[in-house]
Amino acid sequence: MEKIRKRRFGIIASLVLAALILLGAFWASVTIDKNKTHQDTLARVERKGQITWGVKADTKLFGLMDTKTAQPAGFEIDLAKAMTAQIAKQTNTKLSAAFVPVSSASRIQLLKNTNIDGLISTMTITPERAKIVDFTNVYFNAGQSLLVKKDSGIQSVKDMNDPKYTVLVVVGTTAAQETKKYAPKAKIIALQDYASAMQALKSGQGQALSTDNAILYGLATENPDYHLVGGVFTKAPYGMAFDHNQKPMTKQANRALKTLQENGTYNRLVEKWFHNVPGLDWHDLEVNK
Amino acid sequence: MSLLNQYFSVFVQGFGHTLLASIIALIGSLVLGTLFAIMQVSSSKTGRIIGNIYVQVFRNIPLLIITLFLYLAVAKVIKMTGFVAGTVGLTLYTSAFIAESVRAGILSIEAGQMEGARANGLTFNQAMRVIILPQAFKVAIPSLGNQFINLVKNSSILAFVGGLDLMYQGNLVAASSFDTFTTYIIIGVFYLVITMPLSYYVQHLETKLKKKA
Numbered sequence: 001m002e003k004i005r006k007r008r009f010g011i012i013a014s015l016v017l018a019a020l021i022l023l024g025a026f027w028a029s030v031t032i033d034k035n036k037t038h039q040d041t042l043a044r045v046e047r048k049g050q051i052t053w054g055v056k057a058d059t060k061l062f063g064l065m066d067t068k069t070a071q072p073a074g075f076e077i078d079l080a081k082a083m084t085a086q087i088a089k090q091t092n093t094k095l096s097a098a099f100v101p102v103s104s105a106s107r108i109q110l111l112k113n114t115n116i117d118g119l120i121s122t123m124t125i126t127p128e129r130a131k132i133v134d135f136t137n138v139y140f141n142a143g144q145s146l147l148v149k150k151d152s153g154i155q156s157v158k159d160m161n162d163p164k165y166t167v168l169v170v171v172g173t174t175a176a177q178e179t180k181k182y183a184p185k186a187k188i189i190a191l192q193d194y195a196s197a198m199q200a201l202k203s204g205q206g207q208a209l210s211t212d213n214a215i216l217y218g219l220a221t222e223n224p225d226y227h228l229v230g231g232v233f234t235k236a237p238y239g240m241a242f243d244h245n246q247k248p249m250t251k252q253a254n255r256a257l258k259t260l261q262e263n264g265t266y267n268r269l270v271e272k273w274f275h276n277v278p279g280l281d282w283h284d285l286e287v288n289k
Numbered sequence: 001m002s003l004l005n006q007y008f009s010v011f012v013q014g015f016g017h018t019l020l021a022s023i024i025a026l027i028g029s030l031v032l033g034t035l036f037a038i039m040q041v042s043s044s045k046t047g048r049i050i051g052n053i054y055v056q057v058f059r060n061i062p063l064l065i066i067t068l069f070l071y072l073a074v075a076k077v078i079k080m081t082g083f084v085a086g087t088v089g090l091t092l093y094t095s096a097f098i099a100e101s102v103r104a105g106i107l108s109i110e111a112g113q114m115e116g117a118r119a120n121g122l123t124f125n126q127a128m129r130v131i132i133l134p135q136a137f138k139v140a141i142p143s144l145g146n147q148f149i150n151l152v153k154n155s156s157i158l159a160f161v162g163g164l165d166l167m168y169q170g171n172l173v174a175a176s177s178f179d180t181f182t183t184y185i186i187i188g189v190f191y192l193v194i195t196m197p198l199s200y201y202v203q204h205l206e207t208k209l210k211k212k213a
């Protein structure tokens with residue numbers, strides 16, 4: 001009798017547990033679905049009085065967490081602030097900018113889940129990504145390159161096409177997908193962020209770190225033993241991203257970007273962040289008014 | 001499901017690495033853990049001190065730090081891949097917990113058994129091996145089972161050092177398919193494929209040994 005009762009309790013408990021798990025999964029998928037077809041980003045931003053930007057926190061020059069102020073700082077951060085002010089002017093609302101650090105791997109999901117309103121995080125415009133997010137016009141032209149130790153003898157990505165070499169990349173970047181095409185024989189190891197990828201390069205876990213040249217310049221300024229080689233072998237135009245089908249927000253952002261480029265704000269920010277980067281002529285980055 | 005089809009080989013590759021790392025770490029940590037448990041209860045003072053320090057150090061430092069230390073610092077001297085660094089880190093970390101479980105098992109055996117064995121002419125090591133440890137493991141099995149299940153799940157640490165395991169491949173798939181939700185559900189199921197049989201086996205072992213005794 002006792003045994004039967006115990007067994008019955010066990011069966012009921014498992015059923016209840018299974019039902020709970022199913023319900024939880026159902027609830028989660030409904031929430032995600034709701035977020036997929038969610039409201040207008042521009043309307044939400046105006047209601048909140050704030051644009052929450054997803055930014056990089058591990059990328060020197062673009063978005064790097066300042067350990068003293070606990071705020072990210074960089075070209076993209078300043079540009080996002082200027083964009084926010086400009087959009088506020090255009091829409092006649094009061095808007096402030098808030099920043100959430102994102103990783104390359106999680107940023108699109110965060111945007112989809114509306115944890116953030118927009119992305120300005122060294123994100124290359126690609127056709128695959130454009131299917132699921134809305135990109136603004138290009139705000140920075142980068143290209144993939146290689147960072148190697150100065151005495152390594154490696155000159156270009158072609159030299160890396162050998163099974164004895166390992167190329168380090170970061171999860172979720174275009175480099176993680178593209179490197180294979182240019183060095184199919186090399187081993188490719190993806191790490192979580194640029195900080196750990198740089199550490200791994202220094203520890204000899206790989207012979208080269210590959211990603212956009214703009215990011216590599218930032219790493220090279222901090223690590224003088226390393227330099228960029230071989231120029232760029234892909235084109236990587238950066239765009240800001242909003243959720244899919246957010247025409248009003250994207251339109252406002254494009255208008256704001258155009259204004260900032262025309263009134264000289266953009267060039268001032270370029271000078272501020274890129275004027276003393278070794279191996280880079282910041283005048284090349286300026287836009288012509 | 002189309003995601004599973006499209007990336008099946010990637011998931012399987014990750015599954016293989018996770019399984020391999022788990023098996024190596026399981027055996028390694030069982031051997032190391034038992035060794036340090038014996039040291040902790042031995043009559044030699046240095047042995048006790050060394051055993052204690054080992055357990056306290058590896059039990060109280062986060063696994064991520066141990067692994068990154070191996071991958072980024074130790075690898076400068078001794079070449080090792082992310083897979084090796086992750087597996088070794090996992091072994092060291094888990095062995096500290098296993099040492100504690102085994103030690104508890106040993107302590108649950110009355111002192112008289114050891115004394116009796118020694119009085120009959122067995123050395124400390126012999127008495128440990130033939131008399132004490134077989135009984136101690138019987139007592140320790142439920143908590144050892146816990147450690148092993150934790151070990152399999154903790155093997156996801158390999159993802160942080162490019163260890164090619166399930167979690168690592170999952171991150172790559174999530175990043176290139178943009179479907180984070182489905183990817184992580186699939187990975188979760190793959191982990192269950194390892195941990196569920198493991199936990200049933202431990203349960204089975206427990207009842208079997210109870211019947212014997």
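So the sequence lines, in the order shown, correspond to chains A and B.
Under full-length UniProt numbering, the first residue of the first sequence carries the number 1, and numbering increases by one thereafter.
Under full-length UniProt numbering, the first residue of the second sequence carries the number 1, and numbering increases by one thereafter.
Just so you know, even glycine gets a beta-carbon here, dropped at the ideal spot from N, CA and C.
Rounded to the nearest whole angstrom, the CA to CA distance from A/R44 to A/Q246 is 11 Å. Taking every protein chain shown into account, the CB of A/P72 has 16 or more other CB atoms within 10 angstroms, so this residue is buried.
In the three-state DSSP reduction, A/D243 falls in the strand class (E or B).
Residue-level contact check: B/S176 touches chain A, since one or more beta carbons of chain A fall below 8 Å from its beta carbon. Three or more Cβ pairs drawn from the segment 132-149 of chain A and the segment 228-240 of chain A lie within less than 8 Å of each other, which places the two stretches in contact. Annotation for A/W273: the continuous alpha helix (DSSP H) segment containing it runs T265 to F274.
A/I154 is not a Cβ neighbour of A/Q205, given a cutoff of 8 Å. Residue-level contact by beta carbon fails for B/Y7 and chain A, as no gap is shorter than 8 Å.
Three or more Cβ pairs closer than 8 Å define a contact, and the segment 47-61 of chain B meets that threshold against the segment 89-107 of chain B.
Against chain B, a Cβ distance below 9 Å from A/A200 picks out Y71, L72, A75, G82, V161 and G162. Judged by DSSP in its simplified three-state form, A/N223 adopts coil rather than helix or strand. When beta bridges are read from the DSSP output, A/G54 appears opposite A/V100 and A/L119. Contacts with chain A at 8 Å (Cβ-Cβ) do not include B/T207.
Not a single C-beta of chain B is nearer than 8 Å to the C-beta of A/A186. For A/S121, the closest of A/L280, A/F135 and A/P127 by C-alpha to C-alpha distance is A/F135. The CB of A/S152 never comes closer than 8 Å to any CB in chain B; the least such distance is about 16 Å.
Apart from the 5 residues on each side of it in sequence, A/G230 sits with its Cβ closer than 7 Å to the Cβ of S145, L146, Q155, S156 and V157 in its chain, given in chain order. For B/N171, the residues of chain A that pass the 7 Å Cβ criterion are A105 and V171, in the order they occur in the chain. Taking the Cβ atoms as the reference, A/L191 lies roughly 17 Å from A/A183, outside the contact range of under 8 Å. DSSP lists A/L147 as the bridge partner or partners of A/L228.
Counted as a single uninterrupted DSSP element, the alpha helix (DSSP H) harbouring B/I185 occupies residues T180 to K212. Counting the other Cβ atoms within 10 Å of the Cβ of A/D212 gives 16 or more, which makes it buried. The segment 61-116 of chain A contains, as complete beta strand (DSSP E) runs of 3+ residues, the segments 63-66, 71-73 and 96-101 (chain order). Of the other Cβ atoms in all chains shown, 16 or more fall within 10 Å of the Cβ of A/E178; this residue is therefore buried. Among the CB atoms of chain B, one or more fall inside 8 Å of the CB of A/L191.
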